[in-house]
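In my numbering, the protein residues as written are 61 to 410. Just so it is clear, CB atoms sit at the ideal spot from N, CA and C, and this is done for glycine as well.
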Ligand code: DP6
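Here you go:
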């Protein structure tokens with residue numbers, strides 16, 4: 061008789077402070093990265109697995125916001141193919157995946173991190189039910205490893221707070237296969253950060269991150285970048301532990317601009333920043349210099365600007381964002397987010 065298993069998880073989006081840019085086969089990162097998981101921006105996914113007689117590849121139905129979305133299937137099938145060797149039970153089921161984001165799909169906010177993290181958490185949860193186990197200590201690590209096979213940055217989205225993926229010598233227990241939380245002795249001032257995401261350009265990106273990673277193969281600055289990233293990660297953790305806010309913003313912004321410099325020096329080269337990206341950056345730097353507001357920025361592989369500041373400066377920075385940065389956003393839209401607690405099982409949906 062056919063059996064049905066269900067799991068529902070929400071997983072956060074994350075913003076990298078030290079960027080993962082460049083990878084080796086098997087989704088192995090060229091350098092270690094460090095990110096902050098967000099609170100408001102997340103993906104909610106429910107997976108129903110119905111047992112069926114053995115087949116080579118599971119039948120998959122994918123729904124996005126309640127409607128079937130066959131255009132997303134190829135990426136999901138590629139992910140299932142990558143995890144199949146270690147999740148053989150998938151060949152005995154039909155999967156119905158239902159997913160939705162808390163942020164607009166076309167906002168330019170990377171959804172693959174939260175999407176693959178939520179999916180990996182659901183499948184790892186169902187695997188435990190299938191095997192009759194209760195959630196074990198390695199649950200999140202296993203989910204992180206699997207999420208990585210869907211999208212590298214997704215490995216970091218199975219935790220809250222700050223997360224490291226890759227193997228920097230300064231982080232004990234870190235790995236290229238999965239991310240680990242980075243939470244030791246962070247100074248209070250930098251332990252609780254906000255991220256106001258300025259939606260500068262909400263269209264589809266002209267070059268995907270996956271294509272951008274590919275352009276790091278044979279990139280003239282690749283080797284120097286990987287050395288610099290390792291050094292920046294070390295420096296950033298020192299600044300986060302000591303509470304050196306100025307040094308923290310220095311590294312944060314160098315990483316963001318360095319990422320875009322790599323794109324601008326790729327073959328073919330490309331530019332994802334828009335004029336208003338630069339205008340926002342200039343205003344943020346100016347206000348930090350002239351009014352000593354503790355505010356800085358980082359960028360994703362897109363035109364949006366992530367305005368980063370400590371919770372203690374919330375009132376003054378929010379006022380500045382509203383007065384001077386809001387008008388630079390498409391339709392004056394921006395998302396107020398902050399560091400989040402991490403994934404949650406959505407038991408009520410089961
Ligand atoms: C600039 O994780 O989206 O956001 O592994 O090919 O899915 P794939 O790429 P992805 O790359 C993220 C790049 C980045 C930096 C970061 O998040 O570390």
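Nearest candidate by alpha-carbon position, reference residue 86, set 132, 74, 139 and 79: Locating residue 86 in the chain shown gives position 26, where the first residue counts as 1. Among 132, 74, 139 and 79, the Cα nearest to that of residue 86 belongs to 139.
By the 10 Å Cβ neighbour count, where 16 or more other Cβ atoms means buried, how is residue 214 classified, buried or exposed? On the chain shown, residue 214 is found 154 positions in, with the first residue counted as 1. Classification for residue 214: buried.
C-beta contact flag for residue 72 and residue 253 at 8 angstroms: Numbered from 1 along the chain shown, position 12 holds the residue referred to as residue 72. Numbered from 1 along the chain shown, position 193 holds the residue referred to as residue 253. No, these two residues do not count as a Cβ contact at 8 angstroms.
Taking residue 62 and residue 112 to be in contact with their CB atoms under 8 angstroms, please state how far apart those CB atoms are, rounded to whole angstroms. In the chain shown, the residue the question calls residue 62 occupies position 2. In the chain shown, the residue the question calls residue 112 occupies position 52. Here residue 62 really is in contact with residue 112; their C-beta atoms are around 7 angstroms apart, less than 8 angstroms.
Hey, quick one: how far does the beta strand (DSSP E) through residue 226 stretch, first residue to last? Residue numbering aside, residue 226 sits at position 166 when the chain shown is read from its first letter. Looking at the DSSP string, the run of the beta strand (DSSP E) that includes residue 226 is 222-226.
Mind checking which residues open and close the alpha helix (DSSP H) that includes residue 272? In the chain shown, residue 272 corresponds to position 212, counting from 1. For residue 272, the enclosing alpha helix (DSSP H) starts and ends at 269-274.
Residue 329: buried (16+ other C-beta within 10 angstroms of its C-beta) or exposed? Walking along the chain shown from the start, residue 329 turns up at place 269. It counts as exposed.
Leaving out the 5 sequence neighbours to the left and right, which residues in its chain are closer than 6 angstroms to residue 179 when beta-carbon positions are compared? Here residue 179 refers to the residue found at position 119 of the chain shown. The answer, listed in chain order, is 105.
Nearest-angstrom Cβ-Cβ length linking residue 82 and residue 282, presumed shorter than 8 angstroms: Taking the first residue of the chain shown as position 1, residue 82 is located at position 22. Taking the first residue of the chain shown as position 1, residue 282 is located at position 222. A Cβ-Cβ distance of about 6 angstroms is found for the pair residue 82 and residue 282, placing them in contact under the 8 angstroms criterion.
Could you check if residue 270 belongs to the surroundings of the ligand DP6, using beta carbon to heavy atom distance under 7 angstroms? As a working mapping, residue 270 is identified with position 210 in the chain shown. True, at least one ligand heavy atom lies under 7 angstroms from that Cβ.
Please confirm whether any heavy atom of the ligand DP6 lies closer than 7 angstroms to the CB of residue 236. As a first step, residue 236 must be located in the chain shown, where it is residue number 176. No heavy atom of the ligand DP6 is found nearer than 7 angstroms to the CB of residue 236.
Sub-8 angstroms separation of residue 363 and residue 168 beta-carbons: For this step, residue 363 is matched to residue 303 along the chain shown. For this step, residue 168 is matched to residue 108 along the chain shown. The beta carbons of residue 363 and residue 168 sit closer together than 8 angstroms.
If we count the other Cβ atoms within 10 Å of its Cβ and call it buried at 16 or more, is residue 79 buried or exposed? Position 19 of the chain shown, counted from the start, is the residue given in the question as residue 79. With 16 or more Cβ atoms within 10 Å of its Cβ, residue 79 is classed as buried.
Do we get a CB-CB distance below 8 angstroms when we pair residue 305 with the residues of chain C? No chain C appears in this structure, which consists of one protein chain only.
Using 8 angstroms as the cut-off, can you tell me whether the segment 332-339 makes contact with the segment 273-289, which would need three or more C-beta pairs spanning the two stretches below that distance? As far as the Cβ criterion goes, the segment 332-339 does not touch the segment 273-289, which means the pair count is below three.
Measure the Cβ-Cβ separation of residue 174 and residue 217 and say whether it is below 8 angstroms. Locating residue 174 in the chain shown gives position 114, counting from the first residue. Locating residue 217 in the chain shown gives position 157, counting from the first residue. Yes, the pair counts as a contact, with Cβ atoms nearer than the cut-off.
Would you give the residue range spanned by the alpha helix (DSSP H) that residue 135 belongs to? For the purposes of this step, residue 135 is taken as residue 75 along the chain shown, with counting starting at 1. Residue 135 -> alpha helix (DSSP H) spans 133-143.
Is residue 319 near the ligand DP6, in the sense that its beta carbon is under 7 angstroms from a heavy atom of that ligand? Locating residue 319 in the chain shown gives position 259, where the first residue counts as 1. Taking non-hydrogen atoms of the ligand DP6 into account, the C-beta of residue 319 is found less than 7 angstroms away from one of them.
Taking 7 angstroms as the cut-off, is the C-beta of residue 81 nearer than that to any heavy atom in the ligand DP6? Here residue 81 corresponds to residue number 21 of the chain shown, with the count starting at 1. Correct: residue 81 has its Cβ closer than 7 angstroms to the ligand DP6.
Going by beta carbon distance, what residues of the same chain come within less than 6 angstroms of residue 393, once the five residues before and after it are set aside? Position 333 of the chain shown, counting from 1, holds the residue named residue 393. Cβ neighbours of residue 393 beyond the five flanking positions: 259.
Please determine whether the Cβ atom of residue 212 lies at a distance below 7 angstroms from any heavy atom of the ligand DP6. Indexing the chain shown from 1 puts residue 212 at position 152. Yes - the ligand DP6 has a heavy atom lying nearer than 7 angstroms to the Cβ of residue 212.
Near residue 230, what residues of its chain come up, given a Cβ to Cβ distance below 8 angstroms and the 5 sequence neighbours on each side ignored? Locating residue 230 in the chain shown gives position 170, counting from the first residue. 293, 294 and 297.
Rounded straight-line distance, which links the Cα of residue 199 to that of residue 115: Your numbering for residue 115 matches position 55 in the chain shown. Your numbering for residue 199 matches position 139 in the chain shown. In a straight line, the C-alpha of residue 115 is about 27 angstroms away from that of residue 199.
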